[in-house]
Amino acid sequence: MSVIIRNMTIVSPGSPMHGKTDIGISRGVFVDPQTLSGGKEIDGHSSWLVPGLIDCRVNLREPGLEHKGTIASETRAAVAGGVTTVVATPVTDPVVDSPADVRLVLERATASGYCRVLPTAMLTQGGEGSQLSEMAALMDAGCVALAQGNRPFRTKKIKFNALKYAQSLGIRVILDPESRDFAGGCAHTGRIGMGLGLSLNSPLSETLGLGADLDLVEATGVAAHFSRITSKNSVERIRRAKAEGLNITCDVTLPHLIHSESAIANLDPNFHLERPLRTEEDRLALISGIADGTVDLIVSDHAPHETGAKLAPFPETEQGMSIAEGIIQLLIQLDTKNELPFEISLTAMTTRAARFINQDKLGVIDYGNNADCVLINPNQTTEFNESNWLSAGRNSPLIGALLPSQIFGTWISGKHITGR
C-alpha cells in the first residue's frame, strides 16, 4: 500500500529533499507524493522524517549465544532505536568463518529479523589468527567485510598476509587496533580507575596497535576500517594518515561519545566495556573527530548479555552494553547538550555508513531510493523501563532513563515495521 507522509520536516543531509515537508512511499521506494492517488496519509505535524540508521557494529549473538540475545530480539530492539540496517559482527559461537555460516545468518535474519542484516566474517579460520579464511567465498556468500574482532593474529606476518590477500580481492577489512603487550585491564589508566584499585588499560594499547596496523595498511594497500577508536591520540594519528592518502576509515562507539571514565565511579558493571571509557578530553576529541570527518562512523557496539553476566564484581563481569534501542534518542541528546549537531551525527549513521557498506540506495531520503525512514517527534521524550525494554540484554544504563524524542514510525523498504 502506498503512503504519503505530510507536514513534517525531512532531515536528510545531502539530499535534495532535505528540509521539505511531504514524501510518498510506494513499492518500496520514495516517490513524489503528487504521483500517488489514494493510499494512506499520515500527518507528521511537528515531526522529523530521517533516513533509517545504519549501525555498522552490532553483536546479534545468534548462532550459539541465544542466552544473550537472538537475531529476532536484537533487530527488534534496533528498529525501536531507529535502525533499519545492522552490520553483524562475526563473534558468535562458533564464529562466522565459513560460507555456510554466512548463509545461516542471512537465512535466520530473513526468517525472524525485524530489519536488514548484513553479516561480516572472520579473517582467519575459527578467529584463531593462524589460517586465513576462505575470503572470496565468504564475500560471495554475502559478507560486506571481513574482521577479526578482538581476537589477535598469532603473528604480524600472518596479519600482513591476511591484509595482502584481502587487498588482492578488493575486500574491506575491519581492524580493532590493540597491542597485545598493553592489552587487558578493565578501566582507563587514570585517576578514577587507579582510585578504585581496578586493573588498568593504557591508551598505549590502542595507539601502539594502531601505529603497527597503519604500517601494514600502507604496505599492503588494503582498504581498512579501524573500529572502536577511543583516544585523542588515535584520532590525531588517523587524521594524519588520511592526509597522507591512506585508504582508511574509522568509527567510534556511541557509549564513548556519551560517557567518560567518570561513569565507572560507582562500579556500575554496565559500563564495563571491551574498550574502556577514557578521559573527558578523549571523549571531546572523538566528538570533534566526528564533526570534522576524521571519524567516519558512529556505531553502537550493541552487546546484550544475560543478567548473570553482570552480577559479579566489576572486573569479573562480562564486557559490553545493550544500547541499540536508544540510539536515535542518544544522538538527539548530544545535540540538545550542544555537543554534536544532530545532522552531523545523523550523517555518520546514514550517508557515510551507506557508503561504507556500498549501498547507494540507503542512507538518503530521495526519490527512487529504498524507503528506509524513521518518523520522530523531537519535542517529546522516551522513558525506558523494564516493561518496555526489548533487547534480551538488560545490561544497560538506559533502563530508567528519560531521553529526548519519540519514534512514531519506522519503514524498511516501504514496509511499516513496529519495533516497540
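Read left to right, the sequence shown gives residues 723 to 1142 (our numbering). We put the beta carbon where it would ideally sit given N, CA and C, even for glycine. If you're wondering where the values come from, they're calculated on a predicted model, not measured in any experiment.
- Excluding five sequence positions before and after asparagine 1099, the CB atoms of its chain that fall closer than 7 Å to its own CB belong to Ser768, Ser769, Ser1127, Gln1128 and Phe1130, given in chain order.
- The criterion of a C-beta distance shorter than 8 Å is satisfied by threonine 806 and threonine 1132.
- When only Cα atoms are considered, asparagine 729 and threonine 743 end up about 5 Å apart.
- DSSP places asparagine 955 in the helix class (H, G or I) of the three-state scheme.
- With a cutoff of 8 Å on beta-carbon distance, asparagine 1117 and methionine 1043 are scored as near each other.
- Going by DSSP, phenylalanine 1064 is part of the alpha helix (DSSP H) stretching over 1064 to 1070.
- Here DSSP, grouped into helix, strand and coil, assigns histidine 978 to helix.
- Annotation: histidine 740 to glutamate 850 spans about 46 Å, alpha carbon to alpha carbon.
- Along the length of the stretch 809 to 878, whole beta strand (DSSP E) runs at least 3 residues long occupy 838 to 841, reported in chain order.
- For isoleucine 1134, the closest C-alpha among the options Phe752, His789 and Glu1038 is that of Phe752.
- Within its own chain, the residues whose Cβ lies closer than 6 Å to the Cβ of phenylalanine 904, once the five positions on either side in sequence are excluded, are Ser924, Leu926 and Ser927, listed in chain order.
- Beta bridge pairing from DSSP links glutamate 763 with Ile726.
- The DSSP-derived three-state label of glutamate 788 is coil.
- Shown here for valine 725: same chain residues with a beta carbon closer than 8 Å to its own, the five before and five after excluded, namely Gly746, Ile747, Ser748, Gly761, Lys762, Glu763, Ile764, Trp1133, Gly1136 and His1138 in chain order.
- For secondary structure counted as the alpha helix (DSSP H) over 4 or more consecutive residues, the stretch 1014 to 1087 holds these complete runs in sequence order: 1049 to 1058, 1064 to 1070 and 1073 to 1078.
- Closest option to phenylalanine 993, judged by alpha-carbon separation, among Thr1069, Leu885 and His910: His910.
- The alpha helix (DSSP H) runs of length 4 or more contained entirely in the stretch 868 to 951 are, from start to end of the chain, 878 to 891, 913 to 917 and 926 to 942.
- Excluding its 5 nearest sequence neighbours in each direction, glutamate 996 has C-beta neighbours in its own chain below 7 Å: Asn872, Gln1041 and Gly1042, listed in chain order.
- Here serine 1113 really is in contact with glutamate 1047; their C-beta atoms are around 6 Å apart, less than 8 Å.
- Per DSSP, reduced to three states, the secondary structure at lysine 1137 is strand.
- Annotated as proximal: glycine 786 and threonine 814, with beta-carbon spacing under 8 Å.
- Here valine 895 is not near leucine 932, since their CB atoms are 8 Å or more apart.
- Listed in chain order, the non-local C-beta contacts of alanine 1013 below 7 Å within the same chain comprise Leu1062 and Ile1066, local neighbours out to five positions each way being set aside.
- Per DSSP, glutamate 1108 is not a residue of any beta strand (DSSP E), being assigned neither H nor E.
- Short of 8 Å from the beta carbon of alanine 1034, and not among the five residues preceding or following it, lie these beta carbons of its own chain, in chain order: Pro991.
- With respect to the 8 Å criterion, proline 738 and threonine 1069 are not classified as neighbours on the basis of their beta carbons.
- Cα atoms of tyrosine 836 and valine 824: separation of roughly 18 Å, rounded to the nearest angstrom.
- Arginine 997: not part of any alpha helix (DSSP H); DSSP gives it neither H nor E.
- Only residues of its own chain outside the window of five on either side were considered, and among them Thr846 and Gln847 have a CB closer than 8 Å to the CB of glutamine 853, listed in chain order.
- By DSSP's assignment, serine 748 forms a beta bridge with Val751.
- Boundaries of the beta strand (DSSP E) around isoleucine 776: 775 to 780.
- With a cutoff of 8 Å on beta-carbon distance, isoleucine 727 and leucine 1097 are scored as near each other.
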